[in-house]
Every structure is written in structure tokens, then in C-alpha cells.
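Participant: Let me begin by handing over the structure; questions about it come next.
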Amino acid sequence: MAFNPKHSSHIITEGRDRAGARSMFKAIGFTDDDLAKPLVGVAHTWIETMPCNFNQRRLADKVKQGVREAGGTPMEINTISISDAVTMGTEGMKASLVSREVIADSIELVGRGYMFDAMVIIVGCDKTIPAGALALARLNVPGLLLYGGSIAPGRFQDRDVTIQDVFEAIGANAAGRMSDTDLKHIEDFACPGAGACGGQYTANTMATVMEFIGLSPMGTGSVPATATRKDAVAVQCGQRVMDLLNKNLRPLDILTRQAFENAIACVAATGGSTNAVRYSARYRRF
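Numbering (this note's numbering), first residue to last: 2 to 287.
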């Protein structure tokens, strides 16, 4: 028997008894034609508290474009995120690791509730990437992760700077080696726009891991957040997930021992964050 791309969503959209559900969907603009197609959840962690995920609503629009072009009906959903860089050194830092579980649980909950046939999860900062991967593995519907991308460097005194330079400048100012004016200037210009921290820290490490483990298309994570071609990458990811759906290729088909070995090798080769080891323990049951 041929695989039905509406393998899950037909339960929630088809038949006389589902007229109420269809009526609710139509209230927000979906048509009978839309509901006859596979439903693809497009999840993201956009939040107005950090640059890491600040481009994700725009990327979600582009992913949805790709899904539609490839014959699916996208439905956008969102969840929370906590920035390590913003909260570190405060009581708020205790929320960061907990947020990983909340993000994974919330994406899984909505995915199961609406019986999406496939998922694209747009991720950005440290905890959102492993959380998105956990949600995909638990749902085990055809899907992929799209990394929002790394931030561009800022400029200070004719050199590139990143958030790490801000933290070093704090120490230099405290030690009397940098003026208050220069500290203010580096604070103002180190982070020029959207994107995750510009170094091989946890976000970029985990984004690399997702490519080598097979949950993100190769080459998508290395496109910076503000690069003009990032939108095209998002459209392609929307198209790609429909290809995965039509092939019925699922995360647990991809997350093999060899895939994990590839990911381990990439972390070692790039000198990536030690958080990769911490996060890998969460995948043992898969």
C-alpha cells in the first residue's frame, strides 16, 4: 500500500465528524484545499529578548512558502527561549537549562495535539537546538531542523568584535585598563543584529552537530543569520521537508549509531562546546 502523506492529519481533518475542526481552521483562513493537503508544523523560538532567535518569524514565512510550493499546508507555532548570555550571573540563569525541556515538551505537545504529518523546527540559541532535536525524535514524524544562523561581527576601533569581547572588556574596565567610554562603545557595537553568538560556542557547535547527525540539511547552518541567502535556505528547507514526508523518512531512521559517531567527530574536530557531551546523554533512549 502506498504511503499516505496525510498519515496523521487525516484523523483531525477528514470526515463528517471533523466538521467542527475544519470550521475552526477556516476561521483563520485555511480552505478545504489547504486541509486536504498534508499539515506541516513550522515551529520556532522567536522571542523579543535576544538576537539569537530574532530572525525566526521571517524565516518561518520563508519555510512556509517552501512547504506550500511543494504541496503541503504549513501551520506556524512558537515557543519560548532563555538566553544564556543575557541571564548569566543572575538568578535568571537557573531558568536556562530548564527551558530546554519546556521547549522540547511544548513542541512535542503541539505536534501530537494537531497530528502534524511533518515538522520543521527553527532553532537558534543554545538550548533551543537540542530541544528541537528532542522534539523531532519523540514525535518521529518526517522533519528537520533549520538553524537561524550566527550573528555578524560588530566593529570597534577598526576591528571585528563579538560578545566575547564585551565580556573581556568588562574585566579590562574593572582592572582599569579600559575607559568607561570604550566599554560603552564596545557594548553598543559588538552585536549588530540577529543571530546566535559568533563563535564555536554551544549554539554553533550544536548547529554543526545537527548537520553531521542528519537532522539539518548540510550547509544550511553555516549561512549567517543576516546573509541575504538565508531566506532562500529557509524556502529550500520547506521544500525538503515535503520530500522527507513523501519518502516517509523519519528522524529515528536517521539517528543511527553511525550518525552519532559522525556528530562526535565533528565536535572534536571543531573544538566545540563541551555542552555537546551533556546534551548527547539526553538522546540515549532513542
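All C-beta atoms in this analysis are idealised placements derived from N, C-alpha and C, irrespective of residue type, glycine included.
Decide if the stretch 189–197 is in contact with the stretch 143–155; the criterion is three or more beta carbon pairs, one per stretch, under 8 Å apart.
Facilitator: Yes, since at least three Cβ pairs between the stretch 189–197 and the stretch 143–155 fall closer than 8 Å, the two stretches touch.
Participant: Can you give me the C-alpha to C-alpha distance between R19 and Q57, rounded to a whole angstrom?
Facilitator: Along the sequence shown, read from residue 1 onward, the residue named residue 19 stands at position 18. Along the sequence shown, read from residue 1 onward, the residue named residue 57 stands at position 56. The straight-line gap from Cα to Cα measures roughly 32 Å.
Participant: Name, in chain order, the residues that DSSP records as bridge partners for S151.
Facilitator: Here residue 151 is taken as the residue at index 150 of the sequence shown, counted from 1. Beta-bridge pairing links S151 to A197.
Participant: Do you know how far the Cα of T257 is from the Cα of R251?
Facilitator: One-based indexing of the sequence shown puts residue 251 at position 250. One-based indexing of the sequence shown puts residue 257 at position 256. Taking the straight line joining both Cα atoms gives about 12 Å.
Participant: Taking Cβ positions, are F117 and S24 nearer each other than 8 Å?
Facilitator: Taking the first residue of the sequence shown as position 1, residue 117 is located at position 116. Taking the first residue of the sequence shown as position 1, residue 24 is located at position 23. No, the Cβ-Cβ distance between F117 and S24 is not below 8 Å.
Participant: Give the straight-line distance between the Cα atoms of G234 and R113, rounded to the nearest whole angstrom.
Facilitator: As a first step, residue 234 is located in the sequence shown; it is residue number 233 there, counting from the start. As a first step, residue 113 is located in the sequence shown; it is residue number 112 there, counting from the start. The sequence given here has Val at residue 234, not Gly. Straight-line Cα distance between these residues: approximately 27 Å.
Participant: For L40, which three-state DSSP category applies?
Facilitator: Working through the sequence shown from its first residue, we reach residue 40 at position 39. Three-state DSSP puts L40 in a strand.
Participant: Check L64 in the structure and name its three-state DSSP category.
Facilitator: Along the sequence shown, one-based indexing puts residue 64 at 63. A small correction: the amino acid at residue 64 is Val; Leu does not occupy that position in the sequence shown. Residue state, collapsed to three classes: helix.
Participant: Please classify M51: is it buried, with 16 or more other beta-carbons within 10 angstroms of its beta-carbon, or exposed?
Facilitator: By one-based count along the sequence shown, residue 51 stands at place 50. Result: buried.
Participant: Is the stretch 224–238 close to the stretch 158–166, with three or more CB pairs under 8 Å?
Facilitator: Not touching, per the Cβ criterion.
Participant: At 3 residues or longer, what runs of the beta strand (DSSP E) sit wholly inside the stretch 86–136?
Facilitator: You should have 119–124.
Participant: Tell me which same chain residues have a C-beta within less than 7 Å of the C-beta of A173, skipping the five on either side of it?
Facilitator: Taking the first residue of the sequence shown as 1, we reach residue 173 at position 172. Within the same chain, A173 has close Cβ partners M179.
Participant: In the DSSP assignment, what residue or residues form a beta bridge with E77?
Facilitator: Position 76 of the sequence shown, counted from the first residue, corresponds to residue 77. For E77, which the question treats as bridged, DSSP gives the partners V43.
Participant: With a cut-off of 8 Å, do at least 3 Cβ pairs link the stretch 135–144 to the stretch 95–110?
Facilitator: Short answer: they touch.
Participant: With contact counted as at least three CB pairs below 8 Å, one residue from each stretch, are the stretch 30–50 and the stretch 65–76 in contact?
Facilitator: Yes: at least three Cβ pairs fall under 8 Å.
Participant: Rounded to whole angstroms, what's the CA-CA distance from A270 to M207? Just pull it up for me.
Facilitator: In the sequence shown, the residue the question calls residue 270 occupies position 269. In the sequence shown, the residue the question calls residue 207 occupies position 206. For A270 and M207, the distance between alpha carbons rounds to 13 Å.
Participant: I need the DSSP call for V242, collapsed to helix, strand or coil.
Facilitator: Taking the first residue of the sequence shown as 1, we reach residue 242 at position 241. Helix, per DSSP.
Participant: Tell me, which residues are paired with F157 by DSSP?
Facilitator: Here residue 157 corresponds to residue number 156 of the sequence shown, with the count starting at 1. Looking at the DSSP assignment, F157 forms a beta bridge with R160.
Participant: Alpha carbon to alpha carbon, how far is L245 from T209? Give it in angstroms, no decimals.
Facilitator: If you number the sequence shown from 1, residue 209 lands on position 208. If you number the sequence shown from 1, residue 245 lands on position 244. Cα-Cα distance, rounded: 20 Å.
Participant: Measure how close the beta-carbons of G42 and Y115 come, nearest whole angstrom, since I'm counting them as under 8 Å.
Facilitator: What you label residue 42 is simply residue 41 of the sequence shown in a count that begins at 1. What you label residue 115 is simply residue 114 of the sequence shown in a count that begins at 1. Yes, G42 and Y115 are in contact; Cβ-Cβ is about 7 Å, under 8 Å.
Participant: Report the residue from L145, D183, A132 whose alpha carbon sits nearest the alpha carbon of T203.
Facilitator: As a first step, residue 203 must be located in the sequence shown, where it is residue number 202. It is A132 whose Cα lies nearest to the Cα of T203.
Participant: Out of L146, D85, I48, L98, which one is the CA nearest neighbour of R241?
Facilitator: Taking the sequence shown and counting its residues from 1, the one referred to as residue 241 is at position 240. The option with the nearest alpha carbon to R241 is L146.
Participant: Going by C-alpha distance, which of G177, I171, Q237 is nearest K185?
Facilitator: Start at 1 with the first residue of the sequence shown, and residue 185 comes out as number 184. For K185, the nearest C-alpha among the options comes from I171.
Participant: How should T182 be labelled, buried or exposed, when 16 other C-beta atoms within 10 angstroms of its C-beta is the threshold for buried?
Facilitator: Start at 1 with the first residue of the sequence shown, and residue 182 comes out as number 181. With fewer than 16 other Cβ atoms within 10 Å, it is exposed.
Participant: In whole angstroms, what separates the C-alpha of A86 from that of R17?
Facilitator: Position 85 of the sequence shown, counted from the first residue, corresponds to residue 86. Position 16 of the sequence shown, counted from the first residue, corresponds to residue 17. The alpha-carbon atoms of A86 and R17 are separated by roughly 51 Å.
Participant: Closest to Q165 by CA distance: which of A175, Y148, E188 is it?
Facilitator: Indexing the sequence shown from 1 puts residue 165 at position 164. Among A175, Y148, E188, the Cα nearest to that of Q165 is on E188.
Participant: Taking 8 Å as the threshold (C-beta atoms), are I122 and G149 in contact?
Facilitator: Numbered from 1 along the sequence shown, position 148 holds the residue referred to as residue 149. Numbered from 1 along the sequence shown, position 121 holds the residue referred to as residue 122. In this structure, I122 does not lie closer than 8 Å to G149 by Cβ.
Participant: DSSP three-state label for G144, please.
Facilitator: The count along the sequence shown starts at 1 and reaches residue 144 at position 143. Looking at G144 - three-state DSSP - the assignment turns out to be strand.
Participant: Could you tell me the alpha carbon to alpha carbon distance between A3 and G30, rounded to whole angstroms?
Facilitator: Looking up residue 3 in the sequence shown gives position 2. Looking up residue 30 in the sequence shown gives position 29. Cα to Cα, A3 sits roughly 30 Å from G30.
Participant: Mind checking whether G90 and A197 have CB atoms under 8 Å apart?
Facilitator: Counted from its first residue, the sequence shown places residue 90 at position 89. Counted from its first residue, the sequence shown places residue 197 at position 196. Not a contact, by the Cβ cut-off of 8 Å.
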